[in-house]
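Chemist: Once you've had a glance at the structure underneath, I'll fire off some questions.
Residue numbers (my numbering), protein chains in the order written: chain A, 108 to 471; chain B, 108 to 471.
The structure is reproduced here in structure tokens:
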């Protein structure tokens, strides 16, 4: 067979090397590049490709245009034994996020619970990366961030809230953690993009067209459409998803002193600072009970062991699809990337004089 | 006109008097009856009739059969400056809930944040009652409770999680607070009941029939049907509502050491103890910024002042429908009750030798 392969495998370590070298090439310190790489590689490894390597060019552009300061280090503005207010100083969101969750974990280990609010930050990758930092320390963790407006609220006409994700993690036995990481829109933008590429219509309830009418057409969505909140339209309780998205902005935008709602810069093409806010919570279950991980695994077993409606589709718990994907990466010895992203990264490599990612073609 | 009135007005104080006297008549201390009355009257006053007077007979039955101990007082089992583990000792959920949130508020005022987990409790009414206790003290508040299984999880066949509500409140200016109080099912059972009474079909995405198939028939729901999680089916992201419901059970059932998921007793007819768990969080925004309520009102104004899709349906924020209802109660000088609930309460009054509720007929 001599046809061009359409899928390639790249070892996670190699993806990380590539991201760090790209960031260093544009003047970012290696340790900050490594923080960014950790969050992007985690996203790709879990199958959340929309938040991985796919976004590297955006981060590079933001640092090069100085919309984001790649070398800024976060500082603690105010703190108590159980809380901290952190200024990300317009640095990389991943750097701020890792700093804040580490701080929350340390505080929670002393006091049982900690809450950290982060101001003046940038896109921090997948929210679930931070809640997982907590579960890996044996704690319950939560993280949220506000984002640029994409969601049309119930009864509204235009997009005024972001996809504002909520991540919640709780440690089970042997690393089998409950990991919820969800946009508060019905779906993230990436899902609409996938259907568009595959030319599959989208289900009613995902999005509306530019006039706010239901649409099943990805082209109509791309032409000024908006995402619907989780729950869809009002009659199917879309106001709950809208309420959750608002809650996220209360805890991230309002609470951080930064912009909120439609005051946040647009998703694309806006050269100003993102000025996003995040929240991080860590909670030590041992201040209540001693056998939390055992009980947590008990709940997850109960849920997984239910009889499924269709025998080939087992009931899952939050985090299972990502775990399967991570297992696949381990089996394959690398993350699977489509040729389009490999080609795009090769161009980035050329433009920054960085060594291209080593890969092998994947035989499907 | 001599036809029988179908709606009556009862002053909130009179509803409260009635509830307290009923509870005292079955041996419950007046102060505990008052706690229950406060949460039930708040629910009815906000238009959440499913959680108000409508449930009084259930509470009476539970106390009379000793499934719930009406006179138990909650005790603190374990605490740190920012956390507490409370044993409700199988007392009234409202008594435990008020105790726990009061404790969380006091702790948060000292340390910035507090988290209280409550074990061995009973139905505590509307979750939003407790988050509002926090907002009335100038704090951000959150409360959740697990409940009896009614929700069929994504890919499942039977009900294994409750409607597991999430309440979140944040203080705005002049008592104009953001108040999210939502079941993590697409809708609460009460909504299906309302459609059933009015003989209106239910929208696809609310519920499934006994075999797990989509249904628009309330009769099919009543014949062994189950509620769907917020988001509905898998293709419209119902797994997110399922994930949120699981999160609630992690924080309430798993964390409290009590039963979780389908180990919780059935909603009706089960004479055993409910053994529910709740969580309460209070957070003082002033540990981060000084102008939280002003900024909060700013966000709510932005959201409300959007141009609506239909000019007669303004964009709302969470808590607005309840506020409108409360204003109506004030204007009318009483809560509006349907004749059926008035008749049922008259029977309760007779059976307990308590004075019937004073009411006036409402001319609609």
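All C-beta atoms in this analysis are idealised placements derived from N, C-alpha and C, irrespective of residue type, glycine included.
Just to confirm my understanding: we take residue 118(B), look at its own chain, exclude 5 residues before and 5 after, and list those with CB closer than 6 Å. What are they?
Modeler: If we look at residue 118(B) and ignore the five residues flanking it on each side, its Cβ neighbours are 441.
Chemist: Against residue 409(B), what residues of chain A qualify as contacts under a CB-to-CB distance less than 9 Å, listed in chain order?
Modeler: Residues of chain A passing the Cβ test: 267, 367, 368, 369, 370.
Chemist: Output needed in chain order: residues of the region 179-201 of chain B with a Cβ under 9 Å from some Cβ in chain A.
Modeler: Here the close residues are 184, 185, 186, 187, 188, 189, 190, 191, 192.
Chemist: Between residue 422(A) and chain B, is the shortest Cβ-Cβ distance under 8 Å, so that the two count as touching?
Modeler: Yes, its Cβ sits closer than 8 Å to a Cβ of chain B.
Chemist: What residue range does the alpha helix (DSSP H) around residue 285(B) cover?
Modeler: Run containing residue 285(B): none in the alpha helix (DSSP H); it sits in the beta strand (DSSP E), 285-289.
Chemist: Can you tell me whether residue 239(A) is buried or exposed, with buried defined as 16 or more other CB within 10 angstroms of its CB?
Modeler: By the neighbour-count rule (16 or more Cβ atoms within 10 Å), residue 239(A) is buried.
Chemist: Please state the DSSP three-state secondary structure of residue 458(A).
Modeler: The answer is helix: DSSP assigns residue 458(A) an H, G or I state.
Chemist: Given residue 275(A), which residues of its chain have a CB within under 7 Å of its CB, disregarding the five upstream and five downstream residues?
Modeler: Closer than 7 Å at the Cβ level, and outside the excluded window around residue 275(A), lie 238, 249, 287.
Chemist: Check the Cβ of residue 152(A) against every Cβ in chain B and list those closer than 8 Å, keeping chain order.
Modeler: Under the 8 Å cutoff, chain B gives no residues; its nearest Cβ is about 20 Å from residue 152(A).
Chemist: For chain E, check one thing: does any of its Cβ atoms lie closer than 8 Å to the Cβ of residue 314(B)?
Modeler: The displayed structure is made up of protein chains A and B, and chain E is not among them.
Chemist: Taking 6 Å as the limit between beta carbons, can you name the residues of its chain near residue 421(A), skipping five residues before and five after?
Modeler: Only 415 meet the Cβ criterion.
Chemist: Which residues of the region 157-174 of chain A have a Cβ closer than 7 Å to any Cβ of chain B? Give them in chain order.
Modeler: Per Cβ criterion, the list is empty.
Chemist: Which of helix, strand or coil does DSSP assign to residue 233(B)?
Modeler: Residue state, collapsed to three classes: coil.
Chemist: Do residue 128(B) and residue 461(B) count as a contact pair if the criterion is CB distance below 8 Å?
Modeler: Yes, the Cβ-Cβ distance between residue 461(B) and residue 128(B) is below 8 Å.
Chemist: Just checking: is the beta-carbon of residue 211(A) within a distance shorter than 8 Å of some beta-carbon in chain B?
Modeler: Chain B, which has no Cβ nearer than 8 Å to the Cβ of residue 211(A), makes this no.
Chemist: Going by C-alpha distance, which of 371(A), 363(A), 377(A) is nearest residue 385(A)?
Modeler: That would be 363(A), whose Cα lies nearest to the Cα of residue 385(A).
Chemist: Assuming residue 258(B) and residue 319(B) form a contact by the criterion Cβ under 8 Å, report the distance between their Cβ atoms to the nearest whole angstrom.
Modeler: The Cβ separation is near 12 Å, so there is no contact.
Chemist: Using 8 Å for Cβ pairs, my map puts residue 185(B) next to residue 394(A). What's the rounded Cβ distance?
Modeler: Rounded, the Cβ-Cβ distance is 7 Å, consistent with contact.
Chemist: If the criterion is Cβ atoms closer than 8 Å, does the pair residue 347(B) and residue 289(A) meet it?
Modeler: For residue 347(B) and residue 289(A), yes; Cβs fall inside 8 Å.
Chemist: Where DSSP assigns a beta bridge to residue 115(A), which residues make up the other side?
Modeler: In the DSSP output, where bridge partners are listed per residue, residue 115(A) has 444(A), 468(A).
Chemist: Helix, strand or coil: how does DSSP classify residue 336(B) here?
Modeler: Strand at residue 336(B).
Chemist: Nearest to residue 48(A) by alpha carbon, out of 165(A), 197(A), 160(A)?
Modeler: As displayed, chain A neither begins before 108 nor continues past 471, which places residue 48(A) out of reach and without an answer.
Chemist: According to DSSP, is residue 261(B) helix, strand or coil?
Modeler: Here residue 261(B) sits in coil by DSSP.
Chemist: Closer than 8 Å, CB to CB, is residue 402(A) near chain B or not?
Modeler: Residue 402(A) counts as touching chain B.
Chemist: Less than 6 Å between C-beta atoms, sequence neighbours within five positions excluded: which residues of the same chain meet that for residue 200(B)?
Modeler: 228, 229, 230, 231, listed in sequence order.
Chemist: Using 8 Å as the limit for Cβ to Cβ distance, is residue 419(B) near chain A?
Modeler: With 8 Å as the cut-off, residue 419(B) does not count as an interface residue toward chain A.
Chemist: Helix, strand or coil: which one does DSSP assign to residue 126(A)?
Modeler: Note: residue 126(A) maps to helix in three-state DSSP.
Chemist: Going by DSSP, what residue range makes up the alpha helix (DSSP H) through residue 303(A)?
Modeler: Counting along the chain, the alpha helix (DSSP H) containing residue 303(A) begins and ends at 296-305.
Chemist: For a quick check, are the C-beta atoms of residue 469(A) and residue 206(A) less than 8 Å apart?
Modeler: Not a contact, by the Cβ cut-off of 8 Å.
Chemist: Could you pull out every residue in the same chain whose Cβ sits closer than 6 Å to the Cβ of residue 334(A), ignoring the five residues on either side in sequence?
Modeler: The residues are 257, 258, 292, 314.
Chemist: Mind checking whether residue 224(B) and residue 218(A) have CB atoms under 8 Å apart?
Modeler: In this structure, residue 218(A) does not lie closer than 8 Å to residue 224(B) by Cβ.
Chemist: Are the C-beta of residue 361(A) and some C-beta of chain B separated by less than 8 Å?
Modeler: Answer yes: the Cβ-Cβ gap between residue 361(A) and chain B drops below 8 Å somewhere.
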